[in-house]
Amino acid sequence: MIRASDLLLETLRLRPVQSSAGLRQAWRDVRTDGLAQLVAFEGCSLWLHRRLKELDALQCVHAPFAAWLRQSARRIAAQNLAVDAQRDAVVGILNDLDCAHVLLKGAARRLVTDLYPYADARAVGDVDVLVPEHLAPAAWKGLESAGFSTVPGAERRYAAHHHLAPLSNERRVNVEVHTSTSTVVPPREAWRRMNGSGCTINCGNGATRVAGATELLWHALAHALVESWSYAFRLRFLLDAAAVLASDQDVDWTAIASRVESGELPDTIMARRWLGAAAGIAAAPCPRRLTDDVPAFDLTSALRWRLDVFRLFGRGHHVAEPGLWTMAPLARARRLLVDEGTRAMLGLPLTPPLPGSGPLRRTGRRAAAGAARLCFRSWRLIKPNLGFGNGLQVTWTRA
Amino acid sequence: MTLPKSRHAVSLSSVVVAGKGQISSDLAGEAVILNLQTGMYYGLARVGARIWELIREPTRVADVRDAIVLEYDVDPARCQHDLLCLLEQLADTGLIEIRDGMAP
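Chains A and B, in that order, are what the protein sequence lines are. Residue numbering for the first sequence follows my numbering, beginning at 1 and increasing consecutively. Residue numbering for the second sequence follows my numbering, beginning at 400 and increasing consecutively.
Right, dumping it as structure tokens:
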């Protein structure tokens, strides 16, 4: 029996090693319990659904998982449509204000699928828009005048942040007005990068701008790595970069390499391992100077561990149970196990306690993280053939 | 199962068009439609997605039926029945407008 996590990764890859017929047969054979939880956790439902349809393999998938995937893909597609509608409204308001702007992240990628065919195969939650720093207050007021208001409780959390507090309206899709793309990039530089590349595109309510391939790739990398190490190596972030890498748009690798070494990111080695993993999904070359002496993050092993965690705690469910992200003890334990596995593979210390927590909580958190790390190490010992080598070499082993 | 009676009557001479309060997208050959007023979303499989594509512009129902019969291996009577049912459901959910007897 083929490992479901290996099959998932192989299917997501845009130029799989296996033939379409081989993948269809593998999907007929594979055990899918726990897979829905894994796919939901990784945020790759839409991408997987599209790949399975392209491979004419969705009808080969175990029926309960296929039904869940169809439903999940429809729900996410509908959510993305709501974001599109909000994006168009925001673009219209900013154009009325004569406010120059560049769309960021998912809201931007969904407008450039002719250039990056998989750029929209991902869930989008909000509308991110970059404006020149001096225009941000006017943009904010304009949106307020148009019926948007601050998301309750958000003001204090976003003081001195690279975007203003999120705004929302009756559509319930948040809008974030950015003055930069990251806390470490000065606003003027962020605007130069994003506005200076790419193209002007017409959406429902007029003209807007989307950055070019180099900046889309860099923003995907920077955004992932500043979130947290554990999150960065989830598929959803890697897919953003893979969509750019798989396109025929030119990436300025000199600029990327220079920024990787510049200290703009918290860790150079992690950035290179991340890029290697994304290139593996895209089946696209990554310059040797970036990846040669640093192995790509081993997604094959990471996904095997994560699937085993979901199977262990999933009670054999074939479809995703609700509460994947809740604070319920089971959900938290699963996330901690997954995160500690990722951190161990990256050579990082235990998950630190939350800032500001008391001594008891800190001790408890350390003990829980230590136990999770021990589970991962034990799993590595009992699971054979789990190298932590180059994730570009997608293995096709049978369990 | 008996479907509840539709509030909208659609006939072959009706002209139908996708409503303004919706937004839709392709989902690997299927169509996903979001009603912006209610926040409800709907999925249409392959043939339904093709019908949706045909009625993006005002189109006579008979013309939709003829196009589907031409493109798919389906009995015309069965196609007409299913098409009218689908259009009535879409009208009930506010996703299409019906313009009786008007030329497209």
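All residues carry an ideal CB built from backbone N, CA and C; glycine is no exception.
Let me see if you follow: with CB-CB separation under 9 Å, is residue i close to chain B or not?
| i | result |
| --- | --- |
| residue 31 of chain A | no |
| residue 223 of chain A | no |
| residue 306 of chain A | no |
| residue 70 of chain A | yes |
| residue 50 of chain A | yes |
| residue 105 of chain A | no |
| residue 380 of chain A | no |
| residue 172 of chain A | yes |
| residue 54 of chain A | yes |
| residue 246 of chain A | no |
| residue 36 of chain A | no |
| residue 85 of chain A | yes |
In the DSSP assignment, what are the bridge partners of residue i?
| i | result |
| --- | --- |
| residue 176 of chain A | A:128 |
| residue 382 of chain A | Answer is none; residue 382 of chain A lacks a bridge partner. |
| residue 167 of chain A | A:150 and A:175 |
| residue 209 of chain A | A:200 |
| residue 496 of chain B | B:416 |
Distance check for residue j and residue i, CA to CA, integer angstroms please.
| i | j | result |
| --- | --- | --- |
| residue 181 of chain A | residue 187 of chain A | 8 Å |
| residue 438 of chain B | residue 273 of chain A | 40 Å |
| residue 413 of chain A | residue 257 of chain A | Residue 413 of chain A is absent from the model: chain A starts at 1 and stops at 399. |
| residue 60 of chain A | residue 478 of chain B | 28 Å |
| residue 86 of chain A | residue 147 of chain A | 12 Å |
| residue 314 of chain A | residue 242 of chain A | 29 Å |
| residue 10 of chain A | residue 449 of chain B | 31 Å |
| residue 337 of chain A | residue 116 of chain A | 34 Å |
| residue 368 of chain A | residue 192 of chain A | 45 Å |
| residue 327 of chain A | residue 467 of chain B | 50 Å |
| residue 445 of chain B | residue 18 of chain A | 27 Å |
| residue 397 of chain A | residue 440 of chain B | Residue confidence is low: residue 397 of chain A scores 37 on pLDDT, short of 50, so the model does not pin down where it sits. No coordinate-derived value is stated. |
| residue 73 of chain A | residue 412 of chain B | 35 Å |
| residue 393 of chain A | residue 291 of chain A | Below a pLDDT of 50, predicted positions are generally treated as unreliable, and residue 393 of chain A, at 39, falls in that range; the measurement from the model is reported next regardless. Computed Cα separation, rounded: 13 Å. |
| residue 349 of chain A | residue 30 of chain A | 35 Å |
| residue 422 of chain B | residue 354 of chain A | 42 Å |
| residue 472 of chain B | residue 486 of chain B | 20 Å |
| residue 64 of chain A | residue 425 of chain B | 23 Å |
| residue 334 of chain A | residue 309 of chain A | 7 Å |
| residue 25 of chain A | residue 56 of chain A | 11 Å |
| residue 204 of chain A | residue 88 of chain A | 5 Å |
| residue 36 of chain A | residue 68 of chain A | 7 Å |
| residue 50 of chain A | residue 139 of chain A | 36 Å |
| residue 276 of chain A | residue 33 of chain A | 29 Å |
| residue 98 of chain A | residue 217 of chain A | 28 Å |
| residue 251 of chain A | residue 285 of chain A | 11 Å |
| residue 382 of chain A | residue 13 of chain A | 28 Å |
| residue 465 of chain B | residue 220 of chain A | 47 Å |
| residue 112 of chain A | residue 210 of chain A | 8 Å |
| residue 270 of chain A | residue 215 of chain A | 19 Å |
Report back the beta-carbon spacing between residue i and residue j to the nearest angstrom; my notes put them in contact at under 8 Å.
| i | j | result |
| --- | --- | --- |
| residue 102 of chain A | residue 194 of chain A | 4 Å |
| residue 442 of chain B | residue 429 of chain B | 6 Å |
| residue 141 of chain A | residue 223 of chain A | Not confirmed; about 27 Å, so no contact. |
| residue 47 of chain A | residue 121 of chain A | 4 Å |
| residue 279 of chain A | residue 245 of chain A | 6 Å |
| residue 414 of chain B | residue 495 of chain B | So it is not a contact: roughly 10 Å between Cβ atoms. |
| residue 305 of chain A | residue 233 of chain A | Wrong, their Cβ atoms sit about 12 Å apart, outside the cutoff. |
| residue 361 of chain A | residue 351 of chain A | Their Cβ separation, rounded to whole angstroms, is 13 Å, which puts residue 361 of chain A and residue 351 of chain A out of contact at 8 Å. |
| residue 124 of chain A | residue 80 of chain A | 5 Å |
Would you mind telling me which residues of chain E sit closer than 9 Å to residue i, beta carbon to beta carbon, in chain order?
| i | result |
| --- | --- |
| residue 440 of chain B | Looking for chain E here will not work: the only protein chains present are A and B. |
Hey, does residue i have any beta-carbon neighbour from chain A nearer than 9 Å?
| i | result |
| --- | --- |
| residue 450 of chain B | no |
| residue 417 of chain B | no |
| residue 422 of chain B | yes |
| residue 482 of chain B | no |
| residue 429 of chain B | yes |
| residue 435 of chain B | yes |
| residue 426 of chain B | yes |
Q) Which full runs of the beta strand (DSSP E) of 3+ residues lie inside the stretch 31-105 of chain A, going along the chain? A) 102-104
Q.
List, from N- to C-terminal side, the beta strand (DSSP E) runs of 3 residues or more that fit wholly inside the stretch 232-302 of chain A.
A. none
**Q.** Runs of alpha helix (DSSP H) wholly within the stretch 409-463 of chain B (minimum 4 residues, chain order)
**A.** Fully contained in the stretch 409-463 of chain B are the following alpha helix (DSSP H) runs of length 4 or more, in chain order: 445-453.
Q: At 4 residues or longer, and completely inside the stretch 310-360 of chain A: list those alpha helix (DSSP H) runs for me, N to C.
A: 329-345
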